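Please read the structure below before turning to the comments.
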DNA sequence: CTGAAAGCGCTAACAC
DNA sequence: GTGTTAGCGCTTTCAG
């Protein structure tokens with residue numbers, strides 16, 4: 472009996488004694504309505520608590536004002552900061568967000584994800600899953616045959632694909648320049664898992680910086696971690712053995728750096744005196760590590776915002792999946808936040 | 472010209488030489504279709520890459536298999552862990568997620584949020600914003616006149632309202648019992664912002680535990696923080712002055728505890744020898760603080776999962792916003808993770 | 001300025 | 001087994 476359902480445009484029209492068209496005009500702010508008619512309809516809408524159905528609109532307009540967001544690893548701070556940027560930018564632009572989270576970073580069966588999103592008529596997709604292993608193989612495969620624009624985050628720039636992200640290589644160079652300037656000579660590296668593109672970029676920066684300064688980057692000088700503090704601690708143990716001259720470490724993220732600090736503590740090593748340390752990400756806690764951690768700051772929030780803007784731009788330009796994208800590859804720069812863990816020089 | 476659009480059921484029907492109805496039967500796995508007809512249609516669907524429109528389905532079935540999720544503070548780990556639980560449970564149950572994030576915890580203009588969600592015909596709503604200040608005043612107000620079930624997270628259980636969350640009071644009691652058992656006598660408290668319900672619960676546990684053990688809980692013995700490490704450090708400074716006998720602190724969350732550790736370090740206080748410390752939340756880093764932090768673990772992920780299950784249960788029971796809810800108030804228990812920061816006794 | 005008719009993509013209810 | 005008709009709630013023609 473339709474007991475408690477939201478009122479429809481028909482009911483409003485009936486109550487106001489007009490046709491549904493006229494109501495439609497009013498709710499869409501169209502000019503061609505007599506002032507008093509408009510007034511009457513507005514009142515009726517108010518009384519009935521009428522709200523147009525975005526669903527019905529999407530269907531007929533072939534435009535949903537909804538963006539699909541695919542993410543992974545939300546329990547970690549990086550992805551959720553990006554999502555945070557996405558939500559606020561989407562809200563501002565008047566878009567709703569349909570969220571999908573992959574169970575694993577390296578999930579490669581992406582077809583059902585796209586189907587879920589497309590069957591709900593999203594106008595565009597933001598792929599906010601970091602590039603890990605083979606999880607980008609399907610990009611550019613015609614098989615997918617996407618009919619809506621898509622922007623990828625945190626992946627290697629590619630032909631005909633819109634991407635946005637932070638320049639991890641640049642960030643790594645910042646970290647390394649700083650350590651070298653501070654007079655550290657034997658700089659080790661603890662990398663993230665190397666199937667991550669971002670981890671490889673950070674490591675490449677380490678290597679390049681050493682080589683350009685006439686140093687070597689041998690295998691005993693670095694260890695691969697898995698982003699966790701525990702892995703950072705382990706890696707540190709191994710580095711202390713394999714690379715005894717080491718006087719500084721550029722660590723792939725702040726959590727692993729925390730593990731290093733713990734080990735250094737236990738060994739009685741002074742940071743920054745005996746060991747310089749630079750992390751990556753600038754998690755809120757890093758300012759309160761003992762000692763406070765120098766780290767590379769990435770504006771993940773901004774990445775999310777930029778991604779939304781790009782996507783909407785592509786939507787508005789009427790891209791249809793036919794012609795190649797005027798492919799933007801947006802790379803944001805990171806900045807270095809210098810704290811105690813890397814400053815040996817008495818500057819004050 | 473309809474150049475690059477997803478094929479419709481009509482096109483499939485035409486190509487397969489049947490009516491749309493028959494195609495509908497096939498894609499809905501209905502029995503009444505001749506095997507060879509079904510086969511033919513399936514092939515056509517494959518060839519055309521046809522995908523039914525969830526939008527059109529939602530419209531006619533008055534059921535969208537979509538849940539609205541309202542969150543806030545995604546840049547923090549707590550909310551995003553909950554969201555993580557929500558996504559995985561929703562995925563499992565075959566529901567899509569429409570995500571809204573409030574710009575502030577205490578945003579009180581919730582009407583547009585509900586409108587955005589309801590206009591997209593969500594079947595239910597999960598309000599994953601913690602209860603802060605007056606941000607729950609509108610609950611139970613008939614004005615909202617919700618037509619779909621809604622489950623609230625992290626709020627004080629209330630009549631006729633479905634809620635889910637972790638029992639913060641219980642968690643606080645765990646922390647306090649442990650400290651008392653470890654022989655700490657003068658236990659201070661650093662609370663979260665007291666307009667947060669969760670902060671008040673944790674503090675109430677501190678107070679009750681002291682009183683039940685015959686101690687006082689005077690104003691000099693606690694300070695209000697704002698969840699940040701910086702505020703924790705400040706609060707610790709003040710406590711050391713106002714409550715010099717203090718030999719332990721129950722801190723409202725792990726980040727603030729980190730601030731306390733920093734200050735204690737600088738003052739040369741030994742943890743746990745001179746000062747016992749228990750935090751709350753069990754953020755991944757806390758195991759690597761120096762010393763490793765004893766803390767109360769909350770399964771935020773599970774909260775998200777439970778919320779989804781509750782919401783779907785309500786949806787399936789055909790709740791329509793008329794009768795009061797068979798109001799479930801689900802309270803999960805937390806557990807204590809004992810690490811070095813609170814263990815004075817030599818047990819090994 | 002306003003309304004009638006058609007239809008977005010799909011399914012419910014009924015016919016045959 | 002299969003097709004027809006109607007309609008979900010809205011907007012887009014096009015008439016008046």
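Protein chains in written order, with my numbering: chain A, 472 to 819; chain B, 472 to 819.
Each residue gets a CB set at the ideal place from its N, CA and C atoms; glycine is no exception.
Predicted model only: the values in this text are computed from it and were never measured.
Nearest-angstrom Cα separation, counted from residue j out to residue i
i                     : j                     : result
residue 667 (chain A) : residue 645 (chain B) : 40 Å
residue 580 (chain B) : residue 612 (chain B) : 13 Å
residue 477 (chain A) : residue 566 (chain B) : 22 Å
residue 802 (chain B) : residue 514 (chain A) : 44 Å
residue 554 (chain B) : residue 775 (chain B) : 6 Å
residue 737 (chain B) : residue 572 (chain B) : 39 Å
residue 535 (chain B) : residue 590 (chain B) : 11 Å
residue 653 (chain A) : residue 682 (chain A) : 17 Å
residue 662 (chain B) : residue 717 (chain A) : 42 Å
residue 723 (chain A) : residue 755 (chain A) : 16 Å
Under the three-state DSSP convention, the category residue i falls into
i                     : result
residue 687 (chain B) : coil
residue 484 (chain B) : helix
residue 693 (chain A) : strand
residue 539 (chain B) : strand
residue 504 (chain B) : coil
residue 663 (chain B) : coil
residue 521 (chain B) : coil
residue 698 (chain B) : coil
residue 636 (chain A) : strand
residue 479 (chain B) : coil
residue 775 (chain A) : helix
residue 814 (chain A) : coil
residue 821 (chain B) : One cannot answer for residue 821 (chain B) here, as it falls past the ends of chain B, which runs 472 to 819.
residue 609 (chain A) : coil
residue 473 (chain B) : Bear in mind that a pLDDT of 35 at residue 473 (chain B), under 50, signals an unreliable position, so the model cannot answer this.
residue 533 (chain A) : coil
residue 788 (chain B) : coil
residue 617 (chain A) : coil
residue 511 (chain B) : helix
Assigned exposure category for residue i - 16 Cβ within 10 Å defines buried
i                     : result
residue 531 (chain A) : exposed
residue 788 (chain B) : exposed
residue 818 (chain A) : A caution first: residue 818 (chain A) carries a pLDDT of 49, below 50, which makes its placement in the model too unreliable to give a value.
residue 594 (chain B) : buried
residue 575 (chain A) : exposed
residue 473 (chain B) : Reliability fails at residue 473 (chain B), whose pLDDT of 35 lies under 50, so the model's placement of it is uncertain and the value that follows must be treated cautiously. By the neighbour-count rule (16 or more Cβ atoms within 10 Å), residue 473 (chain B) is not buried but exposed.
residue 665 (chain B) : exposed
residue 601 (chain B) : buried
residue 505 (chain A) : exposed
residue 488 (chain A) : exposed
residue 449 (chain A) : As shown, chain A starts at 472 and ends at 819. That puts residue 449 (chain A) outside it, with no answer to give.
residue 639 (chain A) : buried
residue 656 (chain B) : exposed
residue 769 (chain A) : buried
residue 631 (chain B) : exposed
residue 510 (chain A) : exposed
Where the beta strand (DSSP E) through residue i begins and ends
i                     : result
residue 760 (chain B) : Note, residue 760 (chain B): premise wrong, no beta strand (DSSP E); not H, not E.
residue 722 (chain B) : 719-722
residue 622 (chain B) : 621-624
residue 571 (chain B) : 567-573
Residue(s) in a DSSP beta bridge with residue i
i                     : result
residue 752 (chain B) : B:768
residue 598 (chain B) : B:541 and B:623
residue 643 (chain B) : Beta-bridge pairing links residue 643 (chain B) to no other residue.
residue 658 (chain B) : B:719
residue 651 (chain A) : Answer is none; residue 651 (chain A) lacks a bridge partner.
residue 746 (chain B) : DSSP lists no partner for residue 746 (chain B).
residue 806 (chain A) : A:768
residue 603 (chain A) : A:667
Closer than 7 Å: residue i CB and nearest the ligand MG heavy atom
i                     : result
residue 602 (chain A) : In the structure on display, the ligand MG does not appear, and there are no ligands present to speak of.
Extent of the continuous alpha helix (DSSP H) to which residue i belongs
i                     : result
residue 739 (chain A) : That residue, residue 739 (chain A), is in no alpha helix (DSSP H); it is neither H nor E in DSSP.
residue 491 (chain B) : 491-498
residue 553 (chain B) : 548-564
residue 581 (chain B) : First-last for residue 581 (chain B): undefined, no H or E at that position.
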